[in-house]
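*Asks:* Attaching a single structure in structure tokens format; questions to follow.
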Amino acid sequence: MQLIAAKRRLIIGDALGLILIIVFMTSLSIATLSAAETNYVIKIPSMSVFNVTNLSSNTSFSYTYINTTGGIAYLPPIEYYYYNFSATAGSYIDYSVWSTSPIMLYILTNQQLMKYTNGSSIEHLYSVTGSNVTGYYHVNKTGTYYVVIINNGTKPTLVVYAISLTRKPILNQWGFPIGIADYGIAIINGTYFAYEYETNEFIGKASIYNVFTQEPSSCPTGYVELGNNWFSIQLNTVLVVNTLSGYTQYYWLQNILLFDSLNYTTQVGDNVWNSTSINASLSSNLISGNGVVSPVNTTVSNVTAYAYYIELTQQANLPFTIYLITRTGLTSNDYPWIAFGYSYNGRSITWFDNVTIRVKSSSTYMEVSPISNGGGLMNDAELVIVGPWNSECTAARSLNITLSLYFTWPYPSDYYLSPVPSMWDFGTDTAEIIYDAHVSPLNYGSVYVIQGPEKLYFLNTYFIPLIINNPVNETRTLDVYTVNSTTTLNEPSIITVVPNETRYIFMNYVINNSYIVTTNALNLTLQGPTSIYVNYTLQYMLTINDPSGLLNGESGWHNYGSVVTLNEPEIYYLDNGTRLVFNAYYIYLTGTSLYHMVMNNVTNLLVNGPYTVIVNWTKQYQVNVNSPVPVIVSLSGLQNISGYSVVTWVNRSSTLIILVPKYYVLGNGTCLVYLGNNESIVVYLPFNISLGNFVRQYLVTIYSKYPVSVNGTYTTNITKWFYSGETLMIRPGTVFSDGVFLSELGLVITVNKPTNITVTWHINYFLTVIMYTVIITAISVIVILIIRRRRSEHKTF
């Protein structure tokens, strides 16, 4: 039996639905293949093993042959893919399209296509929409027809398509290889992620617990053996050969288990295909191994391919486990070689074929990459359950199989073994297909295949998205890691926006909306899709200039939206006779001249910007004025206070005027006389002042019946104030009254109290006697003279 599996033609049936799901299991194990079984350490690699690449509208994987095209296309929103046929009247254009989101399929004429590409609204002969559509269009007129697939959605979509021109419609035969396929494309959080990696070895493990298959009455390829119970499990990979002449060649490798589900007979075999270009063949002169190169008539081309098979002597007993191993390398003379092997236990490997391609090369490896090779196939890796051979199909009547697909890394050292990083549940390379097989993911790189409805979807990936949302710089970064990778987050604890005005302070990381970490240095082991919100708090600097110092503790950084209570006493007493009287808050927007004034001593300040608060106080000093007489204390002419002892508060730098009366009568004939002047003092400090520059005056009253000389002034009645200690002199005096001389003796006193003096006059007998003696004498003389004169006159006559 020659084990030739041709490049398959994609044909789709109506009975199969579409479910696109992204399965992620953080607790997945990779225990299906132990290190002891493979002599490798099983370890999921870091991202450094993979080359991250991009998908674009130019990314497509297609093959074309006479009247047939098929493949996979990546379509961003509004992008389209088309293929044209030259069709004769009466023929049919069959289509089968599956996509990750709904698409529009149109059939257009050349004129309609030109209008559409020039921006006109689309006109069409036929249209259908959906994410899993199959059908046909009956051609009524000979001409050129275009099948156009358009993504009218808002997100990119991946489209698997098969389009052919047939003489009769093909219905209800949409089928796929089912199992595991790694296309170098993953879906992470609804976003396509493309990657590449290289390896020297793929290992596929299959454990068959229960199986029974039969070929149906027809297959989409036209090749069928009705009732045949054989099926195959294929490990299909792509070999890249970089020749010394500077060319790159691609070879499609198949490591195949053939299994008779009726008799449990098994065979293994291998195929090598030249996939460097469409219709590329192999030359028997350039390839050697246990097999042979022979022509193959496939559904899409006629080529030559290498094939070899052997029948296993061991009868399969269920459960039956087998490992398919494909290993590559360079010989000592720079020829690429491919070793095909199998193992029942993973420890001892039977290498049943070693194929050498006699083309001098610089390197060779198997590659998974989302690019198409020259033959139109994808550079993927598949471990799939399909029909047995020759593009035949089969149907699962009973099925219970687990599959696991691994690769060695890092290339070319091959120290470790890892599950493939991503899994789709359908293959696209081989022409054989299976119906009624349903896939569920078990863990990374492993699936469980049972009999059930065939649904195409993305299974899982160990690529983990780490999404970091940073509100400060309004960024959302997406980094991709592999499961159990460790990364370090070290966001700055403080982000300064404007020095001493605005900043953000790190608060915590919120991981997956539930877990909070408060340290900014974080070693994070990623076990699943992780979203991290870097929680910063916006803070503004509040600067308070408060001479009292009471609010200085509120100066500093405050969270945006917080409320700071400004609470000053109306009067704040300091030491040593000083106090502050509250006036107002002047609240400035820091760095500007904008401010508003608050007169209340208690107010709430909403922190919504950087503020500088100047607390405006009036400094007052206590002034004590003591005086023996009432004084008037005038405070800058605005307030007058009177009293003997005046205690008041005076604004700093204001003028205090003390009005002192010049004379102040105390009572009982006493008066205080201020010897100084009114005081005018600019107050810079608290002070006590006692007015002591006073002297006493006493009221002295002198009464005399006759004028007396009081300190040189004659008076009969005087009331006058005399300073204490002043000398009062009443000179002795004599007056003549009532025919007598009256005399007073005079008085000299020192005034030291109020005094009433009544001058006492006494008869001065001495003067009176003398006066009268003189008078009598004078009279006597006069009388004598008169007598003498008269006597004289008498003598004259």
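Quick note on numbering: the sequence shown equals residues 192 to 988 in our numbering.
Cβ atoms here follow ideal geometry from the backbone N, Cα and C, with glycine treated the same way.
Please read all numbers here as calculations on a predicted model, not as lab measurements.
1. Just verifying my parser: in three-state terms, what is the DSSP assignment at S971?
2. Can you name the residues that DSSP bridges to N465?
3. I'd like to confirm the pairing. Which residues does DSSP put opposite E389 in its beta bridges?
4. Buried or exposed: where does Y533 fall if 16 or more other Cβ atoms within 10 Å of its Cβ makes it buried?
5. Return the CA-CA distance between N470 and T678, expressed in angstroms with no decimal places.
6. Do you know how far the Cα of T325 is from the Cα of G344?
7. Measure the CB-CB distance between S1003 and L771 and report whether it falls below 8 Å.
8. Where does G860 sit, in a helix, a strand or coil, going by DSSP?
9. Starting from the Cα of T709, find the closest Cα among G719, P683, E692 and give me that residue.
10. With burial defined as no fewer than 16 other Cβ atoms inside 10 Å of the residue's Cβ, what is the status of V483: buried or exposed?
11. Excluding five sequence neighbours on each side, which residues of the same chain lie with their C-beta closer than 7 Å to the C-beta of L876?
12. Can you give me the C-alpha to C-alpha distance between T390 and E583, rounded to a whole angstrom?
13. Would you call the segment 423–438 and the segment 549–563 in contact, with 3 or more CB pairs under 8 Å?
14. In whole angstroms, give me the CA-to-CA distance for Y383 and V546.
15. With a CB to CB cut of under 7 Å and the five nearest residues on each side skipped, what residues in its chain are close to A775?
16. Between I655, I576, N420, N258, which lies nearest to G719 when the distance is taken from Cα to Cα?
17. Would you identify the three-state DSSP class for K306, choosing helix, strand or coil?
18. Measure the C-alpha to C-alpha separation of L503 and I592 and round it to an integer number of angstroms.
19. Would you report the Cα separation of V798 and N661, rounded to the nearest angstrom?
20. Rounded to whole angstroms, what's the CA-CA distance from K359 to N634? Just pull it up for me.
21. Distance, Cα to Cα, P268 vs Y442?
22. Considering only residues of the segment 898–957, which uninterrupted beta strand (DSSP E) runs meet the minimum length of 3 residues and lie entirely inside it, listed in chain order?
23. I want to check one thing, is the minimum distance from the CB of T547 to the heavy atoms of the ligand ATP below 7 Å?
24. How is the beta strand (DSSP E) around M788 delimited, first residue to last?
25. Can you check whether the CB of V822 is closer than 8 Å to the CB of L863?
26. DSSP beta-bridge partners for G834?
27. Kindly give me the distance between the Cβ atoms of V184 and N726, rounded to whole angstroms, as I take these residues to be in contact under 8 Å.
28. Mind listing, in chain order, the continuous beta strand (DSSP E) runs of no fewer than 3 residues lying wholly within the segment 477–549?
29. What does the Cβ neighbour count give for R694, buried or exposed, with the cut at 16 atoms within 10 Å?
30. Return the chain-ordered list of same chain residues with a C-beta closer than 7 Å to the C-beta of V886, the five sequence neighbours on each side being excluded.
31. Candidates P368, N767, V288, A280: which alpha carbon is nearest N815's?
32. Note down the Cα distance separating I340 from Y283, rounded to an integer number of angstroms.
33. Is the beta carbon of Y154 sitting closer than 8 Å to the one on W615?
34. Using C-beta distances below 7 Å, list every residue in its chain close to G860, excluding the 5 sequence neighbours before and after it, in chain order.
35. Taking its Cβ as the centre, do 16 or more other Cβ atoms sit within 10 Å of A622, making it buried, or is it exposed?
36. Could you check the C-alpha separation between L246 and F598 for me, to the nearest Å?
*Replies:* On the basis of the supplied data:
1. helix
2. Y442
3. E558
4. buried
5. 48 Å
6. 20 Å
7. What is shown of the chain runs 192 to 988, which leaves residue 1003 out entirely.
8. coil
9. P683
10. exposed
11. Y812
12. 30 Å
13. yes
14. 36 Å
15. M788, V789, M790, N807
16. I655
17. helix
18. 20 Å
19. 23 Å
20. 43 Å
21. 34 Å
22. 904–914, 918–921, 924–928, 931–935, 938–941, 946–950
23. For the structure depicted, the ligand ATP is absent and the ligand set is empty, with no information on it obtainable.
24. 786–789
25. no
26. V822
27. Beyond the ends of the chain as shown, which are 192 and 988, falls residue 184; an answer cannot be given.
28. 483–488, 493–502, 511–521, 527–534, 541–548
29. buried
30. V864, L866, Y914, S915
31. N767
32. 18 Å
33. No information on residue 154 is available, as it lies outside the stretch 192 to 988 that the chain covers here.
34. Y889, L890, P945
35. buried
36. 23 Å
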